[in-house]
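Colleague: My numbering applies: residue 2 is where the sequence shown begins, and numbers increase by one.
From the three backbone atoms N, C-alpha and C, an ideal C-beta is built for every residue, glycine too.
Computed from a predicted model, the values in this text were never measured in an experiment.
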Amino acid sequence: MKKEELKELLKDMSLKEKIGQMLQLMGVFFLEDADSVLTGPWQSLGIEEEDIRTAGSILGTYGADTLMKIQKAYMEKQPHHIPMLFMMDVIHGMKTIFPAPLGLGAAFDPELAERCAAVAAKEASVSGLHVVFSPMADLVRDARWGRVMESTGEDPYLNGRYAQAQVKGFQGEDMGQPYKVCSCIKHFAAYGGAEAGRDYNTVELSEHTLRDFYLPAYKAGIDAKAGMVMTSFNTVNGIPASTNRWLMRDILREEMGFDGVLISDFSAIMETIAHGYSADEKDAAKKALEAGVDIDMMTGVYAGNLCKLVEEGEVEEAQIDECVLRILELKNRLGLFENPYKDADPKKEKTVVLCEEHRRLAREAAAKSFVLLKNEGILPLDATKKIAFIGPYTNNKEIISSWAVTGNVSDCVTMEEAAREVLDTVHTTYHAGSPMLENEYELIGFGGILAHDVSEAEQQKMLAEAVAAAKEADIVIMPLGEHYQQSGEASSRAMIDVPEVQMRLLREVAKVNENIVVVLFSGRPLDIRELSRTAKAVLEVWFPGTEGGHAIMDVLTGKVNPSGKLSMSFPYCVGQIPVHYDAYSTGRPDLEGKKEKFRSKYQDIPNEPLYPFGYGLSYTTYEISPVSLSSEVLTDEGLVEASVKIKNTGKAAGTEVVQLYIQDITASVVRPVKELKGFQKVELAPGEEKSVTFVIEEPMLRFLRADGTVGSEEGKFHLWIGCDSMTENMAELQYSCKRK
Ligand code: GLC
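#1: Quick check on the DSSP output: what are the complete beta strand (DSSP E) runs of length 3 or more inside the region 327-351, in order along the chain?
#2: Where DSSP assigns a beta bridge to W721, which residues make up the other side?
#3: On the CB-based measure, 16 or more other CB atoms within 10 Å of its CB, does K4 come out buried or exposed?
#4: Just to confirm, are L567 and Y612 a CB contact at a threshold of 8 Å?
#5: Name, in chain order, the residues that DSSP records as bridge partners for E676.
#6: Please report how far the alpha carbon of V502 lies from the alpha carbon of G524, in whole angstroms.
#7: Straight-line CA distance for E247 to L253?
#8: Report yes or no: do the region 384-395 and the region 160-176 share at least 3 C-beta pairs separated by less than 8 Å?
#9: Contact between the region 138-156 and the region 484-499: three or more CB pairs below 8 Å?
#10: By how many angstroms is the C-alpha of F447 removed from the C-alpha of T40?
#11: If you follow the alpha helix (DSSP H) that P157 is part of, which residue opens it and which one closes it?
#12: Am I right that K660 and G723 are in contact with their C-beta atoms under 8 Å? What's the rounded C-beta distance?
#13: Please classify Y585 as buried or exposed, where buried requires at least 16 other C-beta atoms within 10 Å of its C-beta.
#14: Any idea which residues DSSP pairs T636 with across the strands?
#15: Looking at C-beta atoms only, is the number of pairs between the region 590-598 and the region 692-706 that lie closer than 8 Å three or more?
#16: Can you tell me whether DSSP reads K19 as helix, strand or coil?
#17: Taking the alpha-carbon positions, what's the G261 to P627 distance?
#18: Grab me the residues of V477's own chain with a C-beta within less than 6 Å of its C-beta, minus the 5 sequence neighbours each way, in chain order.
#19: Please tell me whether E190 and A275 are closer than 8 Å, where the distance is taken between their beta carbons.
#20: What would DSSP say about C356, mapped onto helix, strand or coil?
#21: Could you check whether N397 and T426 sit closer than 8 Å to each other, using their CB atoms as the reference points?
#22: Using alpha carbons as the reference points, say which of K560, F718 and A218 lies closest to S152.
#23: Looking at the strands, I want to know which residues DSSP matches up with T694.
#24: Looking at the secondary structure, which residues open and close the alpha helix (DSSP H) in which P111 lies?
#25: Just checking, does the region 227-239 make contact with the region 193-210 on the three C-beta pairs under 8 Å criterion?
#26: Return the CA-CA distance between P157 and F234, expressed in angstroms with no decimal places.
#27: What is the DSSP secondary structure of E624, reduced to helix, strand or coil?
#28: When the Cβ atoms of the region 123-133 are set against those of the region 67-87, are three or more pairs found closer than 8 Å?
#29: May I ask which residues mark the beginning and end of the beta strand (DSSP E) holding C308?
#30: Less than 8 Å between the CB atoms is what I'm expecting for H359 and V120, so what's the real figure, rounded?
#31: Between V683 and E657, which are expected to be in contact by the criterion C-beta below 8 Å, what is the C-beta distance as a whole number of angstroms?
#32: Is any heavy atom of the ligand GLC found at a distance shorter than 7 Å from the C-beta of L60?
#33: Is there at least one non-hydrogen atom of the ligand GLC closer than 7 Å to the beta-carbon of M231?
#34: Would you mind giving the Cβ-Cβ distance between S774 and P100, rounded to the nearest angstrom? I have them listed as a contact below 8 Å.
#35: Sorry if obvious, but does the Cβ on E490 come closer than 7 Å to a heavy atom of the ligand NAP?
#36: Based on the DSSP secondary-structure assignment, which residues constitute the bridge partners of M249?
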C-alpha cells in the first residue's frame with residue numbers, strides 16, 4: 002500500500018478500531034490449542050470480546066498452520082480486514098538454537114551473528130512470524146543479573162557491532178522480502194543497569210553514563226533500520242521508561258531519529274502504577290501515549306482507557322493516529338496488506354526448520370563462542386587415553402538457555418551423544434556424578450516451582466560411581482555449571498557460584514584424579530576461583546544451543562581450535578561487581594606491585610577480574626610485535642595507521658582476535674582507561690606471520706562532553722593492540738586539530 006492509502010485507511014477507522022491496533026495479546030485469546038508461551042506476569046486483563054476482535058498483534062504464538070488460521074479468522078471479523086502482526090521472542094534462534102548472546106558476543110564475530118539471525122528469521126518466517134523481539138542491546142556489567150545471558154556483553158562498541166549485524170540478519174535490506182522479519186531493539190533503555198543486579202530494579206545512572214555507555218548499542222540497531230524498539234521495565238531519572246517522554250520522544254525519536262513502532266515490554270505500562278508514577282490505569286494510558294508508546298503489550302490499559310481519555314479531551318485523537326499510522330506502516334513494510342500470511346508455509350516449516358545447513362551453522366557458531374580460560378597442556382584431548390565424563394551436563398539436553406522459548410531441548414545433542422561418535426567406548430565412561438542443584442535450591446520456572454529433589458542415598462550412589470570412574474581414568478572431563486533456569490529473566494543471583502552440589506563432586510574427583518577439564522555451562526560470568534584452581538583446563542561454553550555437544554567435542558578433540566574472547570569480565574568474586582575493563586582511572590589508581598594504603602583498592606581481593614574482557618586462550622600461541630604508527634601525530638584531516646605483526650608461534654593453526662583499544666589521557670571529562678575501538682580476527686597457520694593494521698581517524702576519538710556535545714579534543718592518546726583488554730602493547734599518539 003502507498004502511504005496515502007494508509008492515511009485514507011486510518012481516516013476511515015473508528016476510534017475503537019484504532020485503539021485495537023495498539024493492543025497486543027497472547028495467542029491463547031484466539032485459539033485454545035495455540036502453542037503459546039507465557040513470558041510475563043499474567044494479569045486479569047479486563048479484555049472484552051471487541052478488543053480481541055480488533056487487537057492489532059499477538060505475541061507468544063507460532064506455527065504456520067496456527068497463525069494462518071488465526072489470521073484468516075481474525076481478518077474476516079476485523080472491520081477493515083487489517084492483518085494482524087505476529088511477534089515472538091526469537092532471541093538466539095527459532096528451532097535451530099544458536100549460542101546464548103553472551104556467548105555469541107564472545108565469538109567477536111558480528112558477521113557470524115548476522116548469519117545466525119538470518120537463519121532464525123527464515124525459520125521464524127516460515128513458522129508464520131513477522132516480528133522477533135531481538136536483539137537485546139542492553140549493556141551489562143553485573144553478573145548477578147540473570148539477563149546478562151541475553152546481552153553481547155560489557156562493551157558499547159562490541160554491542161553496537163552486534164546489534165547492527167543482527168538487525169541486518171533479521172531484516173535484510175527490506176523486511177518485506179521472503180524469509181525476513183522485523184527486528185526489535187530492546188530494552189530501551191539501560192535495563193542492564195539494574196541496581197544490585199536485581200531484575201526489574203531501579204536504574205540509577207548519570208545522563209553522561211547513560212549516553213556514553215548504555216545508549217550507543219541501541220543507536221547502532223536503530224541506525225541499521227530496526228523496525229521496532231521495546232521499552233524497558235526500569236526507571237530512568239526516576240521515571241519508568243514506558244512513560245518517560247524525555248527518553249522516548251526527545252532521545253529515541255528526536256535525537257536518534259527512530260520512526261518505527263515503540264512497543265512496551267510485557268505489562269510495563271500497567272506497572273508504572275506499581276512504580277508509583279501512574280495513579281491508575283487511565284493515568285498510565287495517558288502518560289504512555291504522551292511518551293509515544295504505540296503498542297501496549299498484554300494489558301488492557303490502552304484498550305480500556307484511551308477511548309475515555311479522548312472523549313474527555315484528556316488526549317487528542319491525533320496522538321492515537323500517530324501511533325496507529327506507525328503500526329500500519331510496519332504492517333505495510335512487511336507486505337502484509339498484499340499477503341497477510343507472508344512466508345507462513347507448513348510444508349517449508351518441516352523442511353527448513355532444523356535442516357542440516359542450519360545445524361551446521363549452529364555447530365560452527367557454538368564452537369566459535371567458547372572461551373578457553375585455562376589449559377595446562379591437557380587440551381586438546383589425547384583420544385588414546387582413558388576418559389571419564391563426570392558431571393550433570395554430561396548427558397543433559399537443557400543447553401539452549403531459558404530464553405530459547407521456541408526451541409526444543411529434545412533437538413539438542415548432548416556431550417555424551419557427541420563423544421560417543423568420536424571416542425571409543427572401551428576407554429570412555431559417562432556419569433552425571435551429581436544432580437544439577439541442591440535439593441533446597443528453589444527454582445521458580447515458567448510453570449511454577451521446578452522440582453529437582455534427589456535423595457541423599459541416590460546422591461551418594463552417584464558420587465561413589467563417579468569417583469570410582471575417575472580413579473580408573475587418565476583424564477576427567479567435568480561438564481558442570483548453572484541450571485539453565487538460573488539465568489535469563491527474573492533469575493538474579495546474589496551468589497554467582499557453580500552449584501555447591503557440583504563443587505562437592507569436583508572436590509571428590511580431584512582427590513583421586515588431578516587431570517580435570519571443566520566444561521562450564523553458564524548464562525553469566527561465575528565466581529570460579531576454586532574451580533579454576535582445581536582444574537587443569539576450563540572451557541566456558543555458555544548455553545551453546547542445539548548443536549552444543551558436537552561443538553564441544555569439536556573443540557575438546559582439537560578439530561576446532563578455540564578462539565572465543567570474553568564479552569564480559571569474570572569477576573574475582575561477587576563482591577567485585579560491577580567490574581568492567583573500561584573503568585575510569587580515579588585520582589588514586591592502584592599501582593601494581595606497590596603496597597600503598599591510600600589507593601583505590603580492596604584489602605582482601607585484587608582490583609583485576611579473575612578473567613578480563615577480551616581474554617581467551619588458544620591451543621596455539623601467538624606473538625604480537627610492538628605497535629607501529631605511520632605517524633605519531635594525527636590531525637582531524639588525516640589518518641594514522643597503527644600496525645602490529647602477529648605470529649603463530651605454536652603447533653596448531655588458530656584464529657586470534659586482535660583488539661584495538663584507545664585512551665584519551667586528558668580530556669574535558671575523564672575517559673576510560675581503555676575503550677575498544679576495533680578488532681580483527683586473524684587466521685594463522687603454525688609459524689605464519691601476518692600484519693594487522695587499524696586505521697585511526699578523528700571520529701574514533703570523539704566522546705560526550707560535559708556540555709552534551711560530542712567531539713574530539715587535542716592531546717595525547719594511548720593506543721593498545723593486543724589479545725585482551727589487559728594488553729600493555731601500547732604506542733603514544735598526539736592528536737592535533739587543524740580545524741579551529
Ligand atoms: C519479557 C521480556 C522481553 C520479552 C517480552 C515478551 O518480559 O522482558 O524481553 O520480549 O516479555 O515476551
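Modeller: Reading it off the structure:
#1: none
#2: Y662 and M731
#3: By the neighbour-count rule (16 or more Cβ atoms within 10 Å), K4 is not buried but exposed.
#4: Y612 is positioned such that its CB atom lies closer than 8 Å to that of L567.
#5: I663
#6: 18 Å
#7: Glu is not the amino acid found at residue 247; the sequence shown has Trp there. Approximately 9 Å between the Cα atoms of the pair.
#8: no
#9: yes
#10: Annotation note: pLDDT 47 at T40 (below 50); position unreliable, no value reported.
#11: For P157, the enclosing alpha helix (DSSP H) begins and ends at P157 to Q172.
#12: Residue identity differs from the one stated: residue 660 is Gln in this sequence, not Lys. Right, their Cβ atoms sit about 6 Å apart.
#13: exposed
#14: DSSP output for T636 lists S737 as bridge partner(s).
#15: no
#16: helix
#17: 47 Å
#18: So the qualifying residues of the chain are A389, I391, A471, V510, N514 and I517.
#19: Checking the sequence shown, residue 190 turns out to be Ala, not Glu. No.
#20: coil
#21: It is not a contact, given that the beta carbons lie outside the stated cut-off.
#22: Residue A218 is the option with its Cα nearest to S152.
#23: S644
#24: Segment P111 to V127, the alpha helix (DSSP H) holding P111.
#25: yes
#26: 21 Å
#27: strand
#28: Verdict: yes, contact present.
#29: Unbroken run through C308 is the alpha helix (DSSP H), V302 to E312; no beta strand (DSSP E).
#30: 5 Å
#31: 5 Å
#32: yes
#33: yes
#34: Outside the displayed span of the chain (2 to 741) sits residue 774, for which this structure offers no information.
#35: This structure simply doesn't include the ligand NAP; it includes the ligand GLC instead.
#36: Bridge partners of M249: none, in fact.
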